[in-house]
Every structure is written in structure tokens, then in C-alpha cells.
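Trainee: Mind having a look at this structure? Questions to follow.
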Amino acid sequence: MNPRQSKARFVAIMVVAASLSVIVSISILVINHVTPFGNQNLLVGDMGAQYSPFFTYFRHILTTGQFTGFSFSGGIGENIFPLLAYYLLSPFNLIVLLFPANQIPIAITWMLVVKIAAMAMTMSFFLGRHFKKLTWLLPIFAVAYSLCGFVAANFVNIMWLDALIYLPLICNGIDRIKAGRDANQLFIWLTICIIANYYIGYMVGLFTLIYVATAIINDNDQQLKAFALLKINRPFINRFLFAEICSGLTSMIVLLPSALGMMQTAKVNPTTPSAMSGLHPQFGLEIFSQLGLGSDGYTNRLFRAPAVFSSLVVLLLVMVYFVHPKISQQHKLGALTTLGVLILSMLIGPINLVWHMFNEPSGSPFRYSFLLSFVMITIAYEAWIANPNLIKNRFKLSIPLVAISLLICGFCFIKFSHFAPITNYLALQPNSLRTLLLNILLILLLSLLITVIPPKRAGIFIASIILAEMTTNFNDILTSEPLGNQPSYESNFSNQAATLQKATPKSNLYRINQSRGQLARAFQETYLGYNDPLLFHFNGIQEYSSTLNESTRQTLKMLGLFSKNQRRISTAGTSAISNMLLGAKYNVQNKTVTQNQTYVGMGFPVTNQFINLRLKPGYIFSNLENILQRIRATKNPYLVKETINQVKHSQLATNSVQTYTINITPKISGPLYMDTSDKTLNYSQIMVNGYQLKTMTNRAHHAYLLKLGTMKRAVPVTITFKSSARNALALIHLKSLNSPRLNNLVTELRAYSFQPSYKNNQVRGTVTRLANHNWLYTAIPYDSGWSASVNGTTVTSKKVLGNFTAIPLMARTNHITFSYHVPGLLLGIITSMFGLLAYCGDELIKRLLSDSETTKH
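Under my numbering, the first residue of the sequence shown is numbered 41, with each subsequent residue one higher.
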């Protein structure tokens, strides 16, 4: 076969691999009626809560050009660059431009299909180049990679899938260096991988070190000692390290500003102990269930052993590999080293944390398990082209027995063991006897096809079984998911957008307090609209992302807002006081838009006493009262303590939980709020005057302020709740807000408030200074990227009330300008240019020297 025919065949194989992946993935979508092939969409878990809103936001800034480095749509406002870098820099995200905003779920479907096809294409490219041998079963191995257990189990985290596309190309780049060629492929694809998603790109970067070590071991035909082996591979190692370093430097345009932003999140400072940080095993023998079909589903989406399913064919061929007489001992040692390092990394908690940037992952604790699938499939293909029929007869019998034993072991461990990294861990794992029997039957059949029947005759049957396996596994997972409704999403999206349009500012800067959005009707899961501000382009309060500023989150908690964990802040717990402090002008519930009576603006003049106030975690009522008193001191409190007059309680027969019924007689008319430090109180079962409150589910008890209703003075109120705490009554605090007193304060502040505009990364406004009010408090989160000027003079801002910004006032009338520059972006650009020039310059010098040598000869 001449080179042109060989190249055409190679291209054809890649096209076949991509086409088969598309056919399989679309077939799965059709079976499950997923849009555009039905009425269901893929908005499950983080796909609905995070990715869909972020993709919609991404589409908005691309189509309108309205991008600002600091976005007030992310929570109460944040440096948006880390969110863009973490979620939105994949080139495949540009697919969203082909669809209107209410059809982003359809764009997500096509994004998934295209990514799966790209994985198959790059994997077939790698296998063909790596082994320099093309077979028509090669595309099938590539399909197994593109639809492996990691992809099926983590498709909702669609941003992670890019790494599987670039990984084969990066490894091919390393192969080229080992062969004495240039490092361009490694440099280009590793840089793109890091920029597309630096989090998973970091894991791929770590794996390249393992891959290089394996390449060196595989090439050690002379059985050299370690020192001699390193010496002979020194040029290879130097060229690899130089390309890696230049790639890292070139990626600094993303890495540096992202790192500075992520240092403001809770990720850099874990505060709670975890199973992930201990030396005990991170998974048990249930890992063996992951080798076969049916090991993942909706129930274990967050907590499971590493998702490594790559078809039973791959499992059997990996075993064949290590007993095959034609495969060298050096290759076996290299493969065993790679597999061992990856498995031990996942098994040992501290090492696992290294792979996750030294931070504990919140769910899905083995986010690099695709590397194991990549290695297994590579090993399996090498075993296949070496002809599995050549292994000894005793291995032909023992290999299927070992594989079956492993699956049975995994099944029994889940069924009978008490291993528990988390509560009810094993109960979450799918464990069907019928699926086990199917896996055993397939192993027996495949063992016959792989090790007894000649490859040319068995190929078509093996290919069919692999395709059936990958289809069945992915389909079973997708069938278990509570998929969203696309027609409902489109109609409710349009309705919600129309409602919010009434309240969304054109240029004035203020916030909207939204709760109970209309979009929840399109989801089977509970949809809380955390990222609706980004989805609908308004300045909100709530947020759910891995880039949430921790100081801001803690500040909002101290004001009474609910935070389920380090990645979420909710509008639950907002009050008339916090709305005033946050500059929330409108409240939106479903289709109803009402103006907030305590809206003042985005700030107001304050005294030194206010500036020096320190909020205390866990003391919500005290914090709110102290804030108001520092704004305008009064003899009587703004929040009036209510007294419990009568108590009834009864213990349930099943456990120690008691039902309490208390009566109070409000001392004033106005909103009645409750705060409790009782960690056993059930927030979802609180009743007021016989009506159950619509409260945020709070199983982990993260305290927040709960509005019980607006009450009338001297009219009795009955409150019922459940708790197992012995001193439950002592832990509950009830206070009524003196609304007339607060309204008087609001009227006074409104006359001198800061009501700015925000455009082109600048907040502009004018404020009048009052006597002794030498500072302007603003509801703008404190960020090192802000610079401020008053009447044209640069001033130094100050962090107040936890994480808000105050600036000194210079005169009676003050023209204020805040300008924002993403911290680290300029230095990141300069560093990236240096890395790019260093690599290109080195390549240019090498070529000039090479041409010079050629001319001499």
C-alpha cells in the first residue's frame, strides 16, 4: 500500500470512528426522547443548575458584546473571569450561537454529540499513530473510549469532556518527541487543553509525566539501570519539559487571573474533615462492579468508585496483554506501572487530593478516572493486534474465570459489606443480579471470540458486542436520570424573561430579589434558580458555582441568607433590612413584580462608627440590629424580641423527635422573623397558625433567617415545629421588625443615597455628604480589581461589613467613579506572550541550525 492509500485509509478509519459514535449517541438520545429527538432535555443536576445558565450567559455576551470583568449577575457581584475560565472557554461552546436563548438545551445535546464524535476521532488517530498498524476494529476501540463509563456517568459535567478529546493528541505529541521529532503537537494541544478547562487540563498535565515515564520504560530494550536510562533519554526529557513549561507559561492568560480569583473561594482553605483527606481507602471492592455494565446511574452520580467501564472486551484484552508471549516484558512493566500509579492515586486520599489541585471535590471524587480508561483501551488494542489466540490454553480458561470472579466480588461487596465512605454509600450503588448474569454471559461469549476464534472471523462479532455494550450502558444511565421537559423550558423561559424585563435596569445599578421562578416547572428535580441572574441577565443575589467568593458568602450568611455549602448562596433568608443593605429594588415571585419598600440605592453616607463595625458569624439578629443602630441610633431596638407565652410538646413514638407548639403575642405589627442554632430543627415542617411555610430544605442545618409572616400587634400567633434537641426552646429566637421605624430611616437615607450606573467596567454616581458622615458605604463587594476616585482624585477603598466596599467622601458633593480591572490579567497576557515567544524562538533557532547543517553537507 503506497503512502497516499495508507493516509486515505487512516482518514477513513477516523471518519468511521466519529460516525459510529454519532450513530450510537443519537440512537441513545432517540430512545430516551431527548431534544431535538423528543420533548426531554439533558438539564439534570449541574447541567440545569449551572451549565445551561452559564452557556446562556456566554451566548448573551457574545451576541451583544456586553462583557464586563466584574458581573453583578454572579451572586451580588464578582470577578467573572474565573467563572469564564472554569466553565466557558471550550471552543465547542460556540455551538450555542446557533440557537436562541430558550433552546440552549438543544445546543447542549449537539455539544455532547459533537464532543463524543471528536473523542472517537482523536482516539482513533492516536491508536493508529502510536501502534502504526491499522485494523478495521480500531474505530470500535475508539468508540469504546468516546462512550466509556466516565463519559456516560459524567455527561452532565460537560466541561470535563474536552480533556478526553485532547488527551490522545497530547500523548501523540509525546510520542513524536520520543521519536526525535518536534514538540509542536504537545505544545499546541496541551496549551489548548489547559485553556479550554484548566481544572481537568491540570490532571492531563500530571498524566503526561506518567506517560513519559512509561515511554522510557517501554523503550528500555537493553535493560539499562535507572541512571543510565535517564541519561540516554535526557534529550527526550529536556525537550518534553521545555514544551510543558512553555505550554504552562502560554496558558497564563487564563491561569494567573483564574488562580487569583479562585484564591478568594473556599476551595483554597477546606474547613471540614473529610473521607478524602484520610489514609484509609477511598473505595472498596465495589470498584470491580465498575468493570461491567450497569455500575452507574442517577442514585450514585455523586458518590461511587472510579467510573472505568470501557466494555468487557477491553477488560479481557487487558488480562490477555499481561500473559501474551509476543508482548515484551518492558511493555508489560510500563503498562503495569501506569495502571498501578493511577489506581493507587485514586485509592489513597492525600494522593487523590493532589490530582484535584489539593482540594476536596464536592461529589464525583475521581474526576480523572478517564485516564484509566484511556490506558486500558490502549493496552487492549495492543493485545488485539498481537493476536490474542497466541496465549496459552491455561490462560484462555483462567482469564474469564478471573473476570467473572471480580464482577461477583463487586456484586457481593455492595450487597453484604458495610463499607461506608459516606452514609448509605453502598445502598446508592446499582447492583442488579440480572445485570451481573448478563455480564457473566458476555464474558463467556467474548472469551471464546477473543482467545479461540481467529481475529479476522471474530472481529465483526466483537465489534457488534462492543457497540451494544456502550449503547446499553449509556442508555441505562440516561434512562435513570430525571430529565427536563424542553417545551416547558422554552415557554417558561420566555415567560420568566418577560416578567424580569419589567424590573431589569437599562443602565442604573440595583438588584432584583427573585424567588420561586417560573422555570422550575420545566424540571423533574427541584430547581431553585441559583443562577437565574446569569440566565436572564439581571443583577441578582443568589449564585451556585465553584467560583463563589467565600468572603462574600460568609458576609451574606451573617446577614441571614441561606448557604447550603461553599458553592451556593440563596435569596432564602433575605429580609427588609438585608434588601436595604444590598440595594434590592424589586422582589420577583413567579409572575409578580413588586418594588421593595426598603430600597434606598446602592449605598449611602455613613460614619466612622459604621465603618468600624464587625459582624459576628452565627449572630444574625445582633448583626442586623447593630448595623441599623450604627446608621441611626435609637433608644428602642429596630428588632423587638418576642416572648413565648405557652408551650406544648409531644414526643413521637418512633424516635426522640418532639413536636413543639408555642404561642406568642406580638408586641408590634410587622414582619416576624425566627433564627435558631438548633441543628435538629426541621425547617421544612414549620407551621404558623396552621399553615406550613414554604421553606428551603435544610438537612445539614446551615442557619438562616426565616420570615414567619407579617403579624399584627396583640394578635396571638401559633408556631409548630419539630426538634430532637433537649433545649430546643432556648435555641430559638423570635423578633418582630419595627417597620415604621425602619421606613423612617429608609426615607432619610433615600434623600442622600448612591444610585449609580454601571457600564464598560465603570460604576458612576453622585452622592452628597452629611455632617460626620465621611464615608460612602456601597453594596459593591470588595475586590482588589476595583479602583475608586472621588471628584477625579484617586482614593483608597476599605472593606466593611464583612466584604462590602466603602470609600472616603471628599466634599459636600462627590462624583464617584469605580473602575474594574481583572486582577492578574495583564501580567497573565505578558507571561503568555513570553511563553509563546520562548517556544517559537527555540523552534526557529533549531530549524535555522538544521538548515545550516544541511547546507554544509
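The beta-carbon is built from N, C-alpha and C at its ideal position, and this holds for glycine as well.
1. For K775, I'd like the list of residues in its chain whose CB is within less than 7 Å of its CB, leaving aside the five on either flank, ordered along the chain.
2. Would A672 pass as a contact of L653 if the rule is Cβ separation under 8 Å?
3. Where DSSP assigns a beta bridge to M727, which residues make up the other side?
4. Thinking just about the alpha-carbon of each residue, which of K752, V640, P756 and P677 is nearest to the one in Q902?
5. I need the straight-line Cα distance from Q582 to M302, nearest angstrom please.
6. Within the chosen definition, does the segment 833-841 reach the segment 777-795 through at least 3 CB pairs nearer than 8 Å?
7. When the distance is taken between beta carbons, is Y206 closer than 8 Å to I180?
8. Can you tell me whether DSSP reads N309 as helix, strand or coil?
9. Taking buried to mean at least 16 other C-beta atoms within 10 Å of its own C-beta, is G105 buried or exposed?
10. Relative to the C-alpha of R852, which candidate in W815, A420 and G600 has its C-alpha closest?
11. Is F644 helix, strand or coil when you go by DSSP?
12. Does the separation of the CB atoms of I517 and D336 fall below 8 Å?
13. Could you check which residue in R753, S764, H773 and I759 has the C-alpha nearest to that of A743?
14. Do you know offhand how far L601's Cα is from R344's?
15. Using CA atoms only, rank isn't needed, just tell me which of N532, T699 and D718 is closest to Q725.
16. Leaving out the 5 sequence neighbours to the left and right, which residues in its chain are closer than 6 Å to E883 when beta-carbon positions are compared?
17. Residues in the same chain with beta-carbon distance under 6 Å from M151, minus the five sequence neighbours each way, listed in chain order, please.
18. When you compare each of L357, A268, T647 and G241 to P968 by their alpha carbons, which one comes out closest?
19. Just to check my reading of the structure: A125 and S298 have Cβ atoms closer than 8 Å, yes? What is that Cβ distance to the nearest angstrom?
20. I need the straight-line Cα distance from N309 to Y723, nearest angstrom please.
21. With DSSP as the reference, label A693 as helix, strand or coil.
22. To the nearest angstrom, how far is it from the Cα of I228 to the Cα of A182?
23. Over what stretch of residues does the beta strand (DSSP E) that includes N627 continue unbroken?
24. Measure the C-alpha to C-alpha separation of P313 and I388 and round it to an integer number of angstroms.
25. If you compare alpha carbons, which of F514, G499 and Y338 is closest to L69?
26. Check whether the segment 413-433 and the segment 341-359 touch, using three or more Cβ-Cβ pairs below 8 Å as the test.
27. Which of the three DSSP states is assigned to K597 in this structure?
28. Pull up the distance between the alpha-carbon of P495 and that of L481, whole angstroms please.
29. Output needed for G85: all residues of its chain with C-beta closer than 6 Å, excluding positions within five of it in sequence on either side, in chain order.
30. For P37, count neighbouring Cβ atoms within 10 angstroms of its own Cβ and tell me buried if that reaches 16, exposed if not.
31. Out of V74, A48 and A52, point me to the one whose CA is closest to Q526's CA.
32. Contact between the segment 841-860 and the segment 799-812: three or more CB pairs below 8 Å?
33. Which runs of the alpha helix (DSSP H) at least 4 residues long sit entirely within the segment 106-131? Give them in chain order.
34. Who are Y817's beta bridge partners in DSSP?
35. If you drop the 5 nearest sequence neighbours on each side, which residues of the same chain put their C-beta closer than 7 Å to that of N79?
36. When you compare only the Cα positions, how much space is there between A467 and A266?
Mentor: Working from what's here:
1. Counting from one through the sequence shown, the residue named residue 775 turns up at place 735. Excluding positions up to five away in sequence, the list reads F661, L679, V680, K681, E682 and Y713.
2. As a first step, residue 672 must be located in the sequence shown, where it is residue number 632. As a first step, residue 653 must be located in the sequence shown, where it is residue number 613. Reading off the sequence shown, one finds Arg at residue 672, where the question assumed Ala. Result no, Cβ atoms of R672 and L653 do not sit closer than 8 Å.
3. Translated into the one-based positions of the sequence shown, residue 727 becomes position 687. Partner(s): Q732 and T760.
4. Summary: the structure shown does not reach residue 902, with the chain confined to residues 41 through 897, and so no result is reported for it.
5. Counting from 1 along the sequence shown, the entry for residue 582 is found at position 542. Counting from 1 along the sequence shown, the entry for residue 302 is found at position 262. If you take the alpha carbons of Q582 and M302, they lie about 19 Å apart.
6. no
7. Position 140 of the sequence shown, counted from the start, is the residue given in the question as residue 180. Position 166 of the sequence shown, counted from the start, is the residue given in the question as residue 206. Not in contact: I180 and Y206 (Cβ atoms no closer than 8 Å).
8. Position 269 of the sequence shown, counted from the first residue, corresponds to residue 309. Bear in mind that a pLDDT of 44 at N309, under 50, signals an unreliable position, so the number given afterwards is only what the model happens to contain. Of the three classes helix, strand and coil, the one that applies to N309 here is coil, per DSSP.
9. If you number the sequence shown from 1, residue 105 lands on position 65. Result: exposed.
10. By one-based count along the sequence shown, residue 852 stands at place 812. Per the Cα distances, W815.
11. Residue 644 sits at position 604 when you count from the first residue of the sequence shown. Reduced to three states, the DSSP call for F644 is strand.
12. Within the sequence shown, residue 517 is the residue found at index 477, counting from 1. Within the sequence shown, residue 336 is the residue found at index 296, counting from 1. Cβ distance < 8 Å, so I517 and D336 count as in contact.
13. In the sequence shown, counting from the first residue as 1, residue 743 sits at position 703. The option with the nearest alpha carbon to A743 is H773.
14. On the sequence shown, position 561 is the one that residue 601 refers to. On the sequence shown, position 304 is the one that residue 344 refers to. Rounded to the nearest angstrom, the two C-alpha atoms are 32 Å apart.
15. Locating residue 725 in the sequence shown gives position 685, counting from the first residue. Measuring from the Cα of Q725, the nearest candidate turns out to be T699.
16. Taking the sequence shown and counting its residues from 1, one reaches residue 883 at position 843. Counting only Cβ-Cβ distances below 6 Å, and skipping sequence neighbours, we find nothing.
17. What you label residue 151 is simply residue 111 of the sequence shown in a count that begins at 1. Contacts found: F132 and I135.
18. A question about residue 968 goes unanswered here, because the residues of the chain that appear run from 41 up to 897.
19. Position 85 of the sequence shown, counted from the first residue, corresponds to residue 125. Position 258 of the sequence shown, counted from the first residue, corresponds to residue 298. About 4 Å separates the two Cβ atoms, so the contact holds.
20. On the sequence shown, position 269 is the one that residue 309 refers to. On the sequence shown, position 683 is the one that residue 723 refers to. Bear in mind that a pLDDT of 44 at N309, under 50, signals an unreliable position, so the number given afterwards is only what the model happens to contain. Roughly 29 Å separates the two Cα atoms.
21. Against the sequence shown, residue 693 aligns to sequence position 653. Per-residue confidence for A693 stands at a pLDDT of 49, beneath the threshold of 50, marking its modelled position as unreliable; no derived number is given.
22. As a working mapping, residue 228 is identified with position 188 in the sequence shown. As a working mapping, residue 182 is identified with position 142 in the sequence shown. The alpha-carbon atoms of I228 and A182 are separated by roughly 22 Å.
23. In the sequence shown, the residue the question calls residue 627 occupies position 587. Here the beta strand (DSSP E) through N627 covers A624 to Q629.
24. On the sequence shown, position 273 is the one that residue 313 refers to. On the sequence shown, position 348 is the one that residue 388 refers to. A caution first: P313 carries a pLDDT of 43, below 50, which makes its placement in the model too unreliable to give a value.
25. Position 29 of the sequence shown, counting from 1, holds the residue named residue 69. Ranking F514, G499 and Y338 by Cα distance to L69 puts F514 first.
26. yes
27. Residue mapping note: residue 597 aligns to position 557 of the sequence shown, counting from 1. Residue state, collapsed to three classes: helix.
28. Here the question's residue 495 lines up with position 455 in the sequence shown. Here the question's residue 481 lines up with position 441 in the sequence shown. Near 20 Å, if we compare the C-alpha coordinates of L481 and P495.
29. For this step, residue 85 is matched to residue 45 along the sequence shown. Around G85: V196.
30. Limits of the chain in this structure are 41 at one end and 897 at the other, which puts residue 37 out of reach.
31. Locating residue 526 in the sequence shown gives position 486, counting from the first residue. The candidate whose alpha carbon is nearest that of Q526 is V74.
32. yes
33. 121-127
34. Taking the sequence shown and counting its residues from 1, one reaches residue 817 at position 777. F644 and A846.
35. Locating residue 79 in the sequence shown gives position 39, counting from the first residue. These residues qualify, in order along the chain: H73, N525, Q526 and P527.
36. What you label residue 467 is simply residue 427 of the sequence shown in a count that begins at 1. What you label residue 266 is simply residue 226 of the sequence shown in a count that begins at 1. A467 and A266: Cα-Cα distance of roughly 47 Å.
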